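Reading the sequence shown from the start, the letters are residues 499 to 621 in the working numbering.
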Amino acid sequence: MRLSRSLAPLPVALALVLSLPYAALPYDAPVHAHARVEAGASPSPVRFGASCRTAVRGSQVVAHCHNPYVDIDRVRLHIECARWWDIDTDSAPADAWPAMTVRLTGRCWKEIRSVWISHQKAR
Numbered sequence: 499m500r501l502s503r504s505l506a507p508l509p510v511a512l513a514l515v516l517s518l519p520y521a522a523l524p525y526d527a528p529v530h531a532h533a534r535v536e537a538g539a540s541p542s543p544v545r546f547g548a549s550c551r552t553a554v555r556g557s558q559v560v561a562h563c564h565n566p567y568v569d570i571d572r573v574r575l576h577i578e579c580a581r582w583w584d585i586d587t588d589s590a591p592a593d594a595w596p597a598m599t600v601r602l603t604g605r606c607w608k609e610i611r612s613v614w615i616s617h618q619k620a621r
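What follows is the structure, given as structure tokens:
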């Protein structure tokens, strides 16, 4: 069966309209929010926090923290010593400005049990 010449463009036009991307819809088209995202909420993650590397050599610790983001990251080095009589230490806070690397150091008298870095937004 042949379609008449006046009806032949209709299926082609319908296929083109149905394959339009979402951005091509008119502005007055209703926008349906997703079930888990509230209107006005930003789904993008907050980019914050310097990436830190720690190196332990005997009883000394060296940490290098590089901040690739815009917000200032106030970092601190925390050291837990292995011996019960050895005092655990926390370094003074150091501000890692954007595109800046800071160096933090600390030590125990004897062995080190654990080391970690804390991050805080500087206001």
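For glycine and all other residues, C-beta sits at the position ideal for the given N, C-alpha and C.
For clarity, every value in this text was computed on a predicted model and none was experimentally measured.
Nearest to residue i (by Cα), restricted to the options the options
| i | options | result |
| --- | --- | --- |
| Ala620 | Ala513, Asn565, Cys550, Asp584 | Asn565 |
| Trp614 | Pro509, His562, Arg545 | His562 |
| Ala590 | Trp583, Cys579, Arg572 | Arg572 |
| Lys608 | Cys550, Arg574, Ser549, Asp584 | Asp584 |
Backbone CA spacing between residue i and residue j [nearest angstrom]
| i | j | result |
| --- | --- | --- |
| Gln618 | Thr599 | 16 angstroms |
| Ala513 | Val544 | 40 angstroms |
| Ala568 | Trp595 | Note that residue 568 is Val in the sequence shown here, rather than Ala. If you take the alpha carbons of Val568 and Trp595, they lie about 8 angstroms apart. |
| Arg611 | Asp588 | 14 angstroms |
| Cys606 | Asp586 | 7 angstroms |
| Arg581 | Ser557 | 11 angstroms |
| Ala527 | Ala511 | Here Ala527 scores only 49 on pLDDT, less than 50, and its place in the model should not be relied on; the value that follows carries that caveat. So the alpha carbons of these two residues sit roughly 20 angstroms apart. |
| Gly547 | Leu508 | 56 angstroms |
| His576 | Ile570 | 19 angstroms |
| Arg551 | Ala597 | 16 angstroms |
| His532 | Ser504 | Below a pLDDT of 50, predicted positions are generally treated as unreliable, and His532, at 49, falls in that range; the measurement from the model is reported next regardless. So the two alpha carbons sit approximately 41 angstroms from each other. |
Which residues DSSP lists as bridging residue i, in chain order
| i | result |
| --- | --- |
| Asp588 | His576 |
Supposed close pair residue i, residue j - CB separation, criterion 8 angstroms
| i | j | result |
| --- | --- | --- |
| Gly604 | Val554 | The Cβ separation is near 10 angstroms, so there is no contact. |
Residue range of the beta strand (DSSP E) that includes residue i
| i | result |
| --- | --- |
| Ser616 | 610-619 |
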